[in-house]
Amino acid sequence: MTDLFSLLANLRRPRILMRAARFGLGDYRRERDLRRLVRSTPAPAQALPRLIDEEDRLETLRREGRADYSAARHIEVMIALMAEARLLPRGPQAV
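For reference, each letter of the sequence shown is one residue, going 41 to 135 in the working numbering.
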């Protein structure tokens, strides 16, 4: 789990992409949006690796300047990544 948190903390993306994703967090609806992005609604720990893979693919397309890159999809995936990361437990749990 720490690997996911460190990976997310070390993501370096354009400021405008991150701002758009943060702005969209308030409208994120897990059932609707996650199902559209990963074709199901798995637990956050299972959804995050799939979202990270998709975001990495989109980032590669963006950096290569490919015509099939979709900024809107990239923002949607970033919103889901942020929202799902917030659902993960942090640190040791109190008993």
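Built from N, CA and C at the ideal position, the CB exists for glycine as well.
- Note that the segment 49-66 touches the segment 104-120; at least 3 beta-carbon pairs, one per stretch, sit closer than 8 Å.
- Within the same chain, Cβ atoms closer than 7 Å to the Cβ of Thr-81 are found at Arg-70, Glu-71, Leu-74 and Arg-75, the five residues on either side in sequence being excluded.
- Per DSSP, the unbroken alpha helix (DSSP H) holding Thr-100 starts and ends at 84-104.
- In the DSSP annotation of this structure, the continuous segment of the alpha helix (DSSP H) that includes Leu-121 starts and ends at 111-127.
- A direct Cα-Cα distance of roughly 9 Å separates Arg-103 from Tyr-109.
- Note on Leu-127: under 16 other CB atoms within 10 angstroms of its CB, so exposed under the neighbour-count rule.
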